[in-house]
Structures are given as C-alpha cells and as structure tokens.
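Peer 1:
4 protein chains.
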Amino acid sequence: MIGGGPEAFIGEVHRKAIALDGKAQLVAGCFSRQHDKTLEMGARLYLEEDRLYRSYEEMAKEEAKREDGIDFVVIVTPNYAHYGACKAFLNEGIAVSCDKPLCVTIEEAYELRALAKAKKLQFLVTHTYSGNVTAMQIRAMIAAGEIGEIRTVMGEYPQGWLANEDIEGNKQGAWRTNPELSGATNCLGDIGTHIENTVYRMTGLKIKRVLAKMDVVVPSRTLDDNATVLVEYENGASGVYWSSQIAIGHDNGLRVRIYGSKGSILWFQEESEKLRLVKEDGTLVEIHRGHAAIKEEVAKYERLPSGHAEGLLEAMANLYSNFIDCLHAQAEGTFTQDMIVYPTIEDGVDGVEYIAACIKSSENGNVWVDMN
Amino acid sequence: MIGGGPEAFIGEVHRKAIALDGKAQLVAGCFSRQHDKTLEMGARLYLEEDRLYRSYEEMAKEEAKREDGIDFVVIVTPNYAHYGACKAFLNEGIAVSCDKPLCVTIEEAYELRALAKAKKLQFLVTHTYSGNVTAMQIRAMIAAGEIGEIRTVMGEYPQGWLANEDIEGNKQGAWRTNPELSGATNCLGDIGTHIENTVYRMTGLKIKRVLAKMDVVVPSRTLDDNATVLVEYENGASGVYWSSQIAIGHDNGLRVRIYGSKGSILWFQEESEKLRLVKEDGTLVEIHRGHAAIKEEVAKYERLPSGHAEGLLEAMANLYSNFIDCLHAQAEGTFTQDMIVYPTIEDGVDGVEYIAACIKSSENGNVWVDMN
Amino acid sequence: MIGGGPEAFIGEVHRKAIALDGKAQLVAGCFSRQHDKTLEMGARLYLEEDRLYRSYEEMAKEEAKREDGIDFVVIVTPNYAHYGACKAFLNEGIAVSCDKPLCVTIEEAYELRALAKAKKLQFLVTHTYSGNVTAMQIRAMIAAGEIGEIRTVMGEYPQGWLANEDIEGNKQGAWRTNPELSGATNCLGDIGTHIENTVYRMTGLKIKRVLAKMDVVVPSRTLDDNATVLVEYENGASGVYWSSQIAIGHDNGLRVRIYGSKGSILWFQEESEKLRLVKEDGTLVEIHRGHAAIKEEVAKYERLPSGHAEGLLEAMANLYSNFIDCLHAQAEGTFTQDMIVYPTIEDGVDGVEYIAACIKSSENGNVWVDMN
Amino acid sequence: MIGGGPEAFIGEVHRKAIALDGKAQLVAGCFSRQHDKTLEMGARLYLEEDRLYRSYEEMAKEEAKREDGIDFVVIVTPNYAHYGACKAFLNEGIAVSCDKPLCVTIEEAYELRALAKAKKLQFLVTHTYSGNVTAMQIRAMIAAGEIGEIRTVMGEYPQGWLANEDIEGNKQGAWRTNPELSGATNCLGDIGTHIENTVYRMTGLKIKRVLAKMDVVVPSRTLDDNATVLVEYENGASGVYWSSQIAIGHDNGLRVRIYGSKGSILWFQEESEKLRLVKEDGTLVEIHRGHAAIKEEVAKYERLPSGHAEGLLEAMANLYSNFIDCLHAQAEGTFTQDMIVYPTIEDGVDGVEYIAACIKSSENGNVWVDMN
C-alpha cells in the first residue's frame, strides 16, 4: 500500500475492505512521505520491517525482486501522487489498485492506460459506489431494458463538511482545497467524478459534451467547492450533475435518478440497501438487497440477508473481490475480459477527461465543451 | 370566475379553496368559450342564470354596472387567455386573481402591471405553493437570518404525467403541449415558473441572469417537456432549477433546498406539513406545522393542529384569505402595502420575464441571458 | 350544530369539511352551554339570530317545527353530552352526525341505535380517518382478497400533547382528562377507538375478545393517558392496539399495519396520500392517491390529482358527502343500504362496547374479556 | 469456532466481523457434527488440519493443552447445543463468545453463569444490535438523563421470511421451527429476545413481570411464529414487545421507541446510521453517526465518517473489539469491570429467564408472570 498513513482516512477503508473476505493480505507498504510514519503504521499493522519502504519507487523495485513479492499494490495517496506511483508499479509488472481520480492530467492518464495495456496488467480504479449490490442491480436492470431508453439523469453529490472557512488541522480538507495537492479542482474532482462514474456504470451512457459551472463559494478558497454540470449523452439524453461540499446538512449524499421511456430508477448511496423502480404505469416498487428480485449475477456479491445492513466497506470489498478473482484467473490463464466487474483504468481515464472538459467549460464562461 | 368549466381542473381547486373559509362567495361566471358549458357549470354551482356570461368582456362590463357586482374576478383559463381577461376586468376597476403564468409576453405583463397600478387594484397571482404554512415559515426564517447568507439553491419540480406520447382526450396535457394555447413553452411555463416563484418567495433573492436548456424529449412534441436552468442571483449565489413532465414516478414533486452560510432549509411540497432545518453544526431539526416553532405571524394561517394534514386547498385558501383581507382593508381605507402576503402582479411579471429569458437562452445555445 | 363554540377545535373542522363541497349549509346552532358564546359564534358564522338556541332540546323542537328546518344535526360536544343531544334530535325525526365516541355507556348506545332504527334515520359517526381515499382503497383491496386471510394487525395512535402535567387553560386537554366530562376513559376513548374503528373499516374483522392495560402515566391524573389492548378477532387473528397521549414527538400518529397470508398493507394517517402493499413474494409497492391503481368506486372521492395533497378536511368531507347523498336518496325514495360508505351508528355502538370491554379488562388485572 | 459450517449463516457473520479489525485470528474449529463438513470448511478457511476437531469436547481439551491454544471460542451452533459447548470450554478455562440465546433452560443458564464466575472467564453473548454506534449512543444519552424518566417503551422485531408454510430445504427456517433444535420457542427465542436485550442495553430498565401471547400462525407449525409481550419494568413503566416472522414485507425490522418524561428516542435497526431524539418541547432532532453529537466514548467505535454506511458487521465487530480488549487487559492484569461494553453472560441469563417467563405466561392463558 502506498499512502494510508496514521492520519489518512481512505487507506484504512481499503485495508478493512480487503480484510473482509480474506482473499488478500497486506504485507508491504510506504504509508507516508515521512518514513517514521510509515514505520509507525507498519508496526501497527504487524508488517515486517524490511517491507516498509522509504518511497514508492523503492517499494516497486524491491517487491518486484522478491519471490513472495506483492500481487498488486493499493495506491491511496493524495491525487497529485497517483500518477508517479501507478507508473512505478506498472513498470515493474505489478497490478494496481488506485483511488480515484486516476491522476491529474489527461496526458498522465493516457500514458498510464497505454502502460497498463502494454504490460497486460489489471488496473482497478476504486470508484467504490459501483460496488454496491444495488448499484450493480441497477446496471443489470438498465442493460436488460427495464426502463427503456434513458431520457434524463439527475445526479448529485452534496456534502456539508467544507461549508465553513478552512481551518488549520483539518487534514482531509486541507489537501483537497490546496491546488498543489489536488490539481485544478477540489469538489468536482473529489466527488463530482463519483457522479460521472456511478451514472456511467449504471447506464453505460457515454458523455458527448459538458457545460460546467464551478463555484468558489467560501471566501479565501481558490478551488471550487460547489459545481454544476449540464451533460449531453451520445444518445441525446440530458443530465445534470451537482456536487457540493458546502451544502450543510448532507453527509455523503450521492444520489442518482435515472428516467427512461418505460420507467425510472432512483438510488441514494446513504440508503444503498434499497432502490426504487417506477414502472411505466406509475407503479412504484421498492427493491431491497437480499430479496429475490436481485439478479443472480449480482446476488453473489451479497454477504448478509436483507435487513442486515451492508455498507461502504462491503461495496469496496466487492470491487476487490472481483479484482482479485481476475488476478487469480490471469495467473491461471483462464482470464477473459467479461469477468471484469470492477471499474478499470478506462473509467479512470474517463474521469480525468471529464474533469478537464468541465474545467475548460467553466473557465470559458460556462460553454459547451466536447468530451474529446 | 373566468374559465373553470366542467372538464377543467384548476377552477374547481380555486372554488373549493375559496369555500374553505367562507370569506367570499362565487356569484357570476363565464366558465367556457362554449356558453352551454357555462350554463351547465353555473347550474351545477347554483348560480343565477343572469350572471352566467357569454364572454369575459360581457361579464366585466355587466358586473361593473351592478350595485352588487363582484368584488374580484378569478381567472383560470389556459395561459393565452389570461391577458385579455385580466385587462377587461382591470379596465372596469375590478380586482383580479389570475392563475400563473400571468400572461404570455413581457409586453402584456408590463401593460397589466401598469394598468393595475394606475387603477390601484389588488392583483393576486396564484402561485399556490407560497401559501403553504411551511413555505411562509421558511420565508420568515430566512428573513430573520436563520441560515445566514444564501449560497446555493437547488429547486426542482418533476412530474411524470406527460412521459408518454400525447394521446387524444387528455385535455390537461393537450393545451399545455400546444403552442397556440400555451405560448412558446410548456414545461418551463407550467411548472418551472413555480420553482422560480417559490424560491423567490422563500429567499427574496432576485435573479440576475439565467442559462437555460429546454428539452423536447417525447417525439412528436414541439414544446419543452424537460428543462434545466442555471441561475445566478444578484447576491452572487448560484441556483439550479429543474422541471420535468417526463420524470416517471413523480407526481407533483416541487422541492426546494436552500443552502446558506449558517445552515440549510429543505422543503418538499408533497410533504409540506414539515420542513427541515440544518444548523451550522450539522444538527438536523424537523419542524412540523402546528408546533410552537412556527412563527406567530405564520401560525395564524393554520387551520388544524399538527398531524391533521392540511393540503393544497389550504395553501391556496391562505392566499385568498390574505387577498380578501386586503380588499376589505382597501374598501375600509385601512390598507397598507405591508399587509400583503399573497403573490402580486410583480411576481407575475417576474415569472413572464423569467420565461422569456430562459427561452432566449435556450434558443441561443444555452448561453447566459440577463434578466434585466 | 351542537357544540363547536369559539374555543372548540373539532366543530370548526366539521364546518370547513362540510363547506368544502357545498352540499350542505350551516343554518342553526347551539354552540355552547353559555348562550352568549352561541350568539358570538352565530354572528361570526352569519347565522340568523332566531336559529341560535339556548339548548339542544330547544333547537331540536324548534327546527323540527320549521318548514325549512335542518336536514341533519352535527353534534360535536364533549363526550358526555352526545347521548342527550342525539336522543333529542332522533326523537324529533332529524338525522344525526355525531362525533365519536357515540356516547358513554353501552345502555345509551343501544338505546340510540334502537331509536335511530325505529325512526329510520341515517346516523353518521364521524370516525374521520375512514374517509381517507387510501383508507377506502385498503378496505376495497382487502375485501377483494389482495392480501389473503388476515393474520395479525398492529394498530397504534401515539400523540405527545399530554406528556406534561395538566396545566390551566389547556381546554382541549382539560375535558379529556376530566372523568366527569369524558366518562371512565381518556386516551382509550379519545383516540384508541379510532384504531378500533379504522381497523374494522379496513378489514371488516369483528373483535371476539380484548385484554387491555390502561396506564395513568402522568402524575395527578385519574384517567388513562396510555393504553395497550391485545385483541383477538373472530377469525382467530391477533391484534395489538396501542394509543398514547404521552408519546413525545408524535403528532397524530394513527398507523395501521395489516398482515395477511398473501401480503401486507401499511398505512400511516399523517401520510395518507399513499399506502404500501407488500405482495407474497416480498415485492413492496407504494400506491399513491390519484394513480390508476386506486379503484374506481374509491377514486370518485378524490378531489385533486396525485401529488396535490388532500388532508384531514377532505377525509371528513368524504364522510359528509356520502352521508348527504344518502339523505337525498332517502328523501327521494331511492335509498338502499349498500349506498352507505360512512361509519354508522353500528360503528358507534361497537366503539362503546370496545371501550367498556377494555375498561373491564384493565380493572380486573388485564384479563381477557369477551366483546359479547 | 463451534458451528458455522458450510450452510450456516451466522458463523460467517462472526468470522467477517472478527476479521474487520484484525484483532483476532481464527485458528481452530469444529464447524459441524459431520466431520467431513468441518474438514471442508477448515480447508476453505486455510486452517491447519490438526486443529479441525470431531467434537467440541475434543477441541476444548486439545486446545487447552496447546501452548498456542485459542484465547477464546466462538459458539454459533443451533440453540440446543450452546449449553454443552459453553460448558466444555469454560471447564477448560477458555473464554467464550456464544450466540444468543445463551441456552435453553434456566438451570443451564445459572450453571453456566456460576461456572464462568468461578473460573473468572470473560463471556460474550452476541446480542449484535447493541454494538451499533447509535445504540451505544442511546444508552449514553438515556444514562445522562436526556429524556428523563422512562415512561413507556415500544419494541418490535417483525420479519416476513417464515410467512409461508415450511418447505424442505430451508435450513435456516427448519431448525428454528423444530422444537428439538430450538427448544420450546421459535420466534420469541430467536428474535423476541433481541428486543428484550436491546431495550435493556439502551435503558438499563429491569423487567418486573411479563404477560405474553405467543401465536402459532402458519398451519402445521408447533412453535410460535408471532408473539406479543406486555412488559412492566421495575420503575413502573410499561412496554410492549412484538416479534413476528410472518409479517410479510419486513426484513429485519428491529425498532425501539423509548418515551420519557423529558423526551423520546426512536431507533430503527435497518437505518442504524441515525437516531431520532425528540425534546420535551417537541423539537425533533435527527442525529447521524459520525457527527459531533455522538459522545466521545461512543465515537471511538466509529470506523467511517458520516454518510459512509456502517452495517451489521461493524456492529458485531464492535462487540468483539471490546471483548478482545478486555481479554488482553485481563491477561495483562489491568482489567476492571467497567471496561466491559459487550453483553455478558448476565444478558444471556436475563434472556433465558425472559423466554421462560413468557412461555409460562402464554401457556397459562396470557397472565402476568414475575421475572423471578
């Protein structure tokens, strides 16, 4: 694991999610740019000291040399460092799981994609929410035509935790609102891309063009903390994606509403144990995880019966479960592309392109910008 | 009453709302362009036959002549006919209650406003939702600074009833999607303006400019049935207003979420017995109509204790109640402007300007258009 | 109208509900035992002074004499006075609408029932909640066998308004907790009977026996303010009815959940615009008032499209609407029993019997008591 | 681990919950009475074959002998086998985690309690729901007097999964409805005791007496599948506990509503990321896990920020986390009783006494039975 030191949040989430199924074990790491923090974290995790590295370059090289070297690396650093770390491990022939967004520039994204392809390496980008059983179910339902042709999509992801002026000591907020660590966007890059990916995962719709308005609401900031994007898909449907970190009262409110010619599907991440399907005649059906309505290929990702809540860790664990299964299959020579359920580097590239197009639109006075 | 014939919907709503408090009585009408329908409706309502008129012009003249003539007229025709009817009665010195939108063109709107002003006539535009007790409460709370400076507003009004292709015999849908009867917009004019007015009533924020995308989703239509508007207010805050008639699963889903520097307020028309207030520290408080938290000047519009649901009729009745009180006060010479709680012709003019700006923006490729 | 004076609550509800449809007009009243209050109320309602009476006896006699005498009387006094008033009007051949509970003792109930029957007079007991469109829909669905044989029913009616010690000046609370005005029960009689009637209206199940525990929670009271009743129906199914006035946080929380062999129905009075149906396979369907799923015989009681909230007044107005239709039919000689949708004196008698059985059970240490 | 074989449900839940924090590792087991199934399960879990035992007696003895023997055993067999397994390990001086109910008879319960006490062994009874952060928060709030003296409690636990007649092949349902495997109760023992324990954990209220009605609803069964219990606490407050397995539409609907003299607390297991607090003045506050309102001693059990759902596994993991911390402290000689947050054998004994009293009440015609 790269990143995920003592004060980090998402690293611990990855570790617990992986532990859930016992399919992989954490054995090496470079948890921080400060080596003492890496040592502290390593000790806390009962890792052997000789596998606690000073840099990701060192770790990539050393682990590649070992016979019992890691099967894949998990990269959970701030955004700006994703690219270098990904590249180091890909170059050594090690599969990668990288937190989103994949990287900061389109050029980096294309390079990583080419590298992974050339090396034939599996590459998981942890857009966690697509790992929810209900999110997978929606993908399957839409693919099966249950709501007809999609007409409009309302996606939103409001949070309230950055509503106040930035204060010292809020490590999570600090790097996200700092252009040097986060790149040219805060809110859109951090959570807006989750909307983009979740909608894509559910609908399969490719975005044709975007019109973005990125607002800097809280005084003293330079990066966006509220953003609205009008979206036009290749099939002609329209979408609106709103993300915000200044919406007091929202915790982690990713919500997607998809309206088709034959019905609608409504999904809310914070209540991801259920989804709502409205049929053409207006009949409103609530489908709960664990019930017979969940399709067989999705139900195999359930760990608990209905009513026994699964949460974020299970969603992420599902991505890792599929990723590791694919790694095993690849090692055994039985791997085929259709085994992949997890978001790949293609999702990562889409995300970076999406951010770039939005920034361009916003900087030019909220005009339409084609996706590529 | 002008309009509101046997097959109409909103006319009956106005009649029942007025009946609720017994402050006014329906005594004359021209309910349809077809006189036999007016007669039929008049008979059903126990009206005297000599007060059932062939046209609004006739009614305005005849009622103005009578000593016991009407104190105000209620205009509930399709949109295109509002202007003529309003003008006829204003010219005769009769106060007007007109359904929204006020009229079809800005010129008409300005003319009516000037006329009402010149004649010193009260003019109610029935943006019903502002009559909800909770909507009034929100207005009072925001005016009192309870959520600080407003930063962003999310307004939406999805419906699903026009999701299918237009069929014969759907009278409500027919005139709304017919350019000759509705003017240059369907969805935005019919329900989008409710968002605009509800947000204005609650926040007092004036719109500086709009960027609108009006979609014609269902094949064979010429008018919009889905519309998204980016809004910029004079204080610099941003807003997104989405209205749709093709969002299967939604009944009458007007929802307004207002995010300020010190808190947020969330309101949903279909559950208008309550509102949610989130304070700066994230504390989420649900306020129910009928409770002590409702401010005194608002609570006087309550008819029932908490938990005994009030609905749409009560909301509209509240507008009429205030309107009639103002008429009485005017008649008695005690009227002052600050007595007005109901939406006036200014709200009506704003609505027409808003529609015009949105159409201009949408026709020019979704560019920013100043409100003026 | 008998009762419903200046400080009363329920009288005004009846008046507004009746006004909603314009099928009947209030013309006479004895609104209070204090004649000056009756005069005050009468003036406020624009009634003629000679039809404002000093007592219900006087009103019954005088109105019976008039050629334009009332067609029916509305009795909305405190419970203890129902019997006398009902009897006076029935004796004069005048139909009655009486608030629930019908009266205080079983003997009174039987006498009134016999009298109404002998005089062939329509008798409405205003168990308001059965007038909700969704409540009527549930009745129709269960009668059609949509959830199979009923197995268990959970009914509850929590309120919080009497959670604190009784204070001077709370008129509503005062008479309800005073044995001389309310009879031998407060909570169970005031709201517990609404559960009993609502469940009966929906399911048609007759109660075989009850086991009641009536609690006096708030110190200084002598009557129950919290009550739980175990119920056994004639078909062998079981039920639990909980009513409370000390459940802080509840407004008017009548909720009924009915579990059958083929499905379940869930209904909540405060959100009576919808109901939930769960089918045998666990599919959860939400049915909204105004949608096609509402049965034709029920849909005729709808006034507004879905999403335009109807509330308590509409529910009560539906009872009056049907009651008045039945009176007209009787006057015209076309009346048949199956026209009755409203709760009749039979419902009233059942309620009194239910209360009596519960009190007996509770006084004897919470033992089973047959309903008879 | 004893029990938790290939077809079992709860064993896997315990395993994943323990894995979540990495504080303990599964190293030995007797997963089934059929040794081949134990071997199969052991292989699946990468256990060493010499620690896969033919019986719990063998495992207790052998593990006690080993220097690296287990620190505690997890017992997740059907109810009837709990007693024997618990006794075997306690006798060998090994700490126990046992699924609820502790055992089948009161005599067994007392014996186990005495044994654990004599051996000074920690004993966790996995009433999972008390491990929810919000459940812990409620316990802390009530202990702090935030809702005053408790007046009445409504607890319920409806499920729908046994609504249909028992069919072959439903392993979970089969043993639960079989008296030889489950003892004298099905529904009350399986889920009714969760209500009893959850309410006790939250409120600290001791039950004085119970009046139970246990129904056998589905034909062909001999054990209860629906049960209602009237409860009287030692402080005079009343409670109603309803559990059901035939309530179609409910998944795992444990819900507790606690009404006090100064406020109320409402909690629903399926939405355990939040709780509702109503204050004396009716102000309704929603408290989300992850927010500042969560007390410090409770917040340390949070793994994720608000809005990132934690579920059942986290709740159970919290119990194990505290249990293992206590074991460590005991080993280090720093243990004190007040470190215990987990439900102990005392909770287990209470549960068995509760079941016994309810059965006695139900068999004697639903009469009051004292708890001891």
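Protein chains in written order, with the working numbering: chain A, 1 to 372; chain B, 1001 to 1372; chain C, 2001 to 2372; chain D, 3001 to 3372.
The C-beta atom is built at its ideal place from N, Cα and C for all residues, glycine as well.
Keep in mind it's a predicted model, so treat the numbers as computed, not measured.
Going residue by residue through the stretch 3267–3319 of chain D, where are the continuous beta strand (DSSP E) segments of at least 3 residues, counting only ones entirely within it?
Peer 2: Complete beta strand (DSSP E) runs here, min 3: 3274–3279 and 3284–3288.
Peer 1: Less than 7 Å between C-beta atoms, sequence neighbours within five positions excluded: which residues of the same chain meet that for Gly-183 (chain A)?
Peer 2: Closer than 7 Å at the Cβ level, and outside the excluded window around Gly-183 (chain A), lie Asn-79, Tyr-80, Val-104 and Gly-189.
Peer 1: Closer than 7 Å by C-beta to Gly-1351 (chain B): which residues in its own chain qualify, once you throw out the five before and the five after it? Chain order, please.
Peer 2: If we look at Gly-1351 (chain B) and ignore the five residues flanking it on each side, its Cβ neighbours are Lys-1100, Pro-1101, Leu-1102, Thr-1193, Glu-1196 and Asn-1197.
Peer 1: Verify whether the separation of the beta carbon atoms of Pro-1006 (chain B) and Met-1059 (chain B) is less than 7 Å.
Peer 2: No, Cβ-Cβ distance for Pro-1006 (chain B) and Met-1059 (chain B) is not below 7 Å.
Peer 1: Whole angstroms are fine: how far does the CA of Thr-1077 (chain B) sit from the CA of Val-210 (chain A)?
Peer 2: Cα-Cα distance, rounded: 39 Å.
Peer 1: Assign Tyr-1053 (chain B) to buried or exposed, taking buried as 16 or more other Cβ atoms, counted over all protein chains shown, within 10 Å of its Cβ.
Peer 2: Classification of Tyr-1053 (chain B): buried, given that the 10 Å Cβ count is 16 or more.
Peer 1: If we ignore side chains and look at the alpha-carbon of each, how far apart do Cys-326 (chain A) and Thr-38 (chain A) end up?
Peer 2: Roughly 30 Å separates the two Cα atoms.
Peer 1: In chain order, what residues of the same chain have a beta carbon less than 8 Å from the beta carbon of Leu-377 (chain A), not counting five sequence neighbours either side?
Peer 2: Absent from the structure is residue 377 (chain A), since the part of chain A shown begins at 1 and ends at 372.
Peer 1: Does DSSP put Lys-3208 (chain D) in a helix, in a strand, or in coil?
Peer 2: If DSSP states are grouped into helix, strand and coil, Lys-3208 (chain D) belongs with the strands.
Peer 1: What did DSSP end up calling Ala-3135 (chain D) once you bin it into helix, strand or coil?
Peer 2: Helix, per DSSP.
Peer 1: If you draw a straight line from the alpha carbon of Ala-135 (chain A) to that of Gly-311 (chain A), how long is it in whole angstroms?
Peer 2: Each residue's Cα considered, the two are about 12 Å apart.
Peer 1: If you compare alpha carbons, which of C:Phe-2268, C:Arg-2113, C:Phe-2089 and C:Val-2298 is closest to Ile-2070 (chain C)?
Peer 2: Ranking the options by Cα distance to Ile-2070 (chain C), first place goes to C:Phe-2089.
Peer 1: Anything in the stretch 1242–1254 of chain B with a Cβ closer than 8 Å to a Cβ of chain D? List those residues in chain order, please.
Peer 2: If the cut-off is 8 Å between Cβ atoms, the stretch 1242–1254 of chain B has nothing near chain D.
Peer 1: Quick one, which of C:Ile-2002, C:Ala-2019, C:Met-2371 and C:Glu-2146 has its alpha-carbon nearest Thr-2203 (chain C)'s?
Peer 2: Nearest of C:Ile-2002, C:Ala-2019, C:Met-2371 and C:Glu-2146 to Thr-2203 (chain C), Cα basis: C:Glu-2146.
Peer 1: Mind checking which residues open and close the alpha helix (DSSP H) that includes Glu-3232 (chain D)?
Peer 2: Element bounds for Glu-3232 (chain D): not the alpha helix (DSSP H) but the beta strand (DSSP E), 3226–3233.
Peer 1: Going by C-alpha to C-alpha distance, which of B:Asn-1322, B:Asp-1281 and B:Gly-1160 sits closest to Ala-1247 (chain B)?
Peer 2: Closest option to Ala-1247 (chain B), Cα to Cα, is B:Gly-1160.
Peer 1: Which of the three DSSP states, helix, strand or coil, is assigned to Arg-3051 (chain D)?
Peer 2: Reduced to three states, the DSSP call for Arg-3051 (chain D) is helix.
Peer 1: Which two residues bound the contiguous beta strand (DSSP E) that contains Leu-1045 (chain B)?
Peer 2: First-last for Leu-1045 (chain B): undefined, no H or E at that position.
Peer 1: From the DSSP output, in three-state form, read off Pro-2179 (chain C) for me.
Peer 2: Note: Pro-2179 (chain C) maps to helix in three-state DSSP.
Peer 1: Tell me which residue opens and which closes the beta strand (DSSP E) that Thr-3203 (chain D) is part of.
Peer 2: Unbroken run through Thr-3203 (chain D) is the alpha helix (DSSP H), 3193–3203; no beta strand (DSSP E).
Peer 1: Determine the contact status of Ala-2064 (chain C) and Glu-2092 (chain C), defining contact as a CB-CB distance below 7 Å.
Peer 2: A contact, by the Cβ cut-off of 7 Å.
Peer 1: At a Cβ threshold of 7 Å, is Ala-1032 (chain B) touching chain A?
Peer 2: Rather than Ala, the amino acid found at residue 1032 (chain B) in this sequence is Ser. With 7 Å as the cut-off, Ser-1032 (chain B) does not count as an interface residue toward chain A.
Peer 1: Take Glu-1280 (chain B) as the anchor and find which of A:Ser-272, A:Leu-162 and A:Ala-317 has the nearest alpha-carbon.
Peer 2: Nearest option by C-alpha distance: A:Leu-162.
Peer 1: Does DSSP classify Phe-123 (chain A) as helix, strand or coil?
Peer 2: Reduced to three states, the DSSP call for Phe-123 (chain A) is strand.
Peer 1: With three or more beta-carbon pairs closer than 8 Å as the criterion, would you say the stretch 2126–2141 of chain C touches the stretch 2223–2241 of chain C?
Peer 2: No, the stretch 2126–2141 of chain C is not in contact with the stretch 2223–2241 of chain C.
Peer 1: Residues bridged to Phe-2374 (chain C) by DSSP?
Peer 2: With chain C represented from 2001 up to 2372, any question about residue 2374 (chain C) goes unanswered, as that position is not in the structure.
Peer 1: Would you say Gly-3263 (chain D) reaches chain C, if we count a Cβ-Cβ gap shorter than 7 Å as a contact?
Peer 2: For Gly-3263 (chain D), the answer is yes, since a Cβ of chain C falls inside 7 Å of its Cβ.
Peer 1: Can you tell me whether Glu-3332 (chain D) is buried or exposed, with buried defined as 16 or more other CB within 10 angstroms of its CB?
Peer 2: That one is exposed.
Peer 1: Could you check whether the Cβ of His-308 (chain A) sits closer than 7 Å to any Cβ belonging to chain D?
Peer 2: Yes - at least one Cβ of chain D is within 7 Å of the one on His-308 (chain A).
Peer 1: If the criterion is Cβ atoms closer than 7 Å, does the pair Ser-3097 (chain D) and Val-3133 (chain D) meet it?
Peer 2: Going by C-beta atoms, Ser-3097 (chain D) is not nearer than 7 Å to Val-3133 (chain D).
Peer 1: Can you give me, in chain order, the residues of the stretch 1002–1020 of chain B that have a beta carbon less than 8 Å from any beta carbon in chain C?
Peer 2: So the list reads Phe-1009, Glu-1012, Val-1013, Lys-1016, Ala-1019 and Leu-1020, given in the order they occur along the chain.
Peer 1: Would you say His-3291 (chain D) and Lys-3274 (chain D) are within 7 Å of each other, going by their C-beta atoms?
Peer 2: No, the pair does not count as a contact, with Cβ atoms beyond the cut-off.
Peer 1: Name, please, each residue of chain D whose Cβ falls closer than 9 Å to the Cβ of Gly-1282 (chain B).
Peer 2: Those within 9 Å of Gly-1282 (chain B) in chain D are His-3288, His-3291, Ala-3292, Ala-3293 and Ser-3306.
Peer 1: Leu-1312 (chain B) touches chain C at which residues, Cβ-Cβ below 8 Å?
Peer 2: Those are Leu-2304, His-2308, Ala-2309 and Glu-2310, listed as they occur along chain C.
Peer 1: Smallest Cα separation from Ala-1212 (chain B): which of B:Phe-1009, B:Cys-1030 and B:Gly-1365?
Peer 2: Closest option to Ala-1212 (chain B), Cα to Cα, is B:Gly-1365.
Peer 1: According to DSSP, is Cys-2030 (chain C) helix, strand or coil?
Peer 2: Cys-2030 (chain C) falls in the strand class under three-state DSSP.
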